[in-house]
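Participant:
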Amino acid sequence: SMLAAGGVNGVVRVWTFDSGSRPVETGTLRGHSGAVRSVAWSPDGEFVASASEDRTVRLWNKSGEHKGTLKGHSDSVRCV
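Under the numbering used here, the first residue of the sequence shown carries the number 103, and numbering increases by one thereafter.
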């Protein structure tokens, strides 16, 4: 299983864990210039989207590669 969390520093951190084991940090996703307000995994678990106060949504694959940036909001993006 994988978990992602965003911070006010604009960074998304990713952990993996199995039932009964401690989470292990496996990735740090950098690129936002504002606080990350929301993260969500795709239904198949292959991608994570992060929403930020920098008015963008960034898409990443589970290996941590940046796959694209969605622009066009006139204010912070609070949810994905």
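Don't be surprised by glycine CBs; every beta carbon is placed ideally from N, CA and C.
1. Going by alpha carbons, who is nearest to Val159 out of Val116, Asp120, Pro125 and Ala137?
2. Is Asp156 near His134, with beta carbons less than 8 Å apart?
3. Is the CB-CB distance between Ala106 and Val114 below 8 Å?
4. Start and end of the beta strand (DSSP E) containing Phe149?
5. For the beta strand (DSSP E) that Ser140 lies in, which residues bound it at each end?
Facilitator: Once the coordinates are examined:
1. Locating residue 159 in the sequence shown gives position 57, counting from the first residue. Cα-wise, what sits closest to Val159 is Ala137.
2. For the purposes of this step, residue 156 is taken as residue 54 along the sequence shown, with counting starting at 1. For the purposes of this step, residue 134 is taken as residue 32 along the sequence shown, with counting starting at 1. Cβ distance < 8 Å, so Asp156 and His134 count as in contact.
3. Counted from its first residue, the sequence shown places residue 106 at position 4. Counted from its first residue, the sequence shown places residue 114 at position 12. Yes. Within cutoff.
4. Your numbering for residue 149 matches position 47 in the sequence shown. Residues Phe149 to Ser154.
5. On the sequence shown, position 38 is the one that residue 140 refers to. Val138 to Trp143 is the extent of the beta strand (DSSP E) around Ser140.
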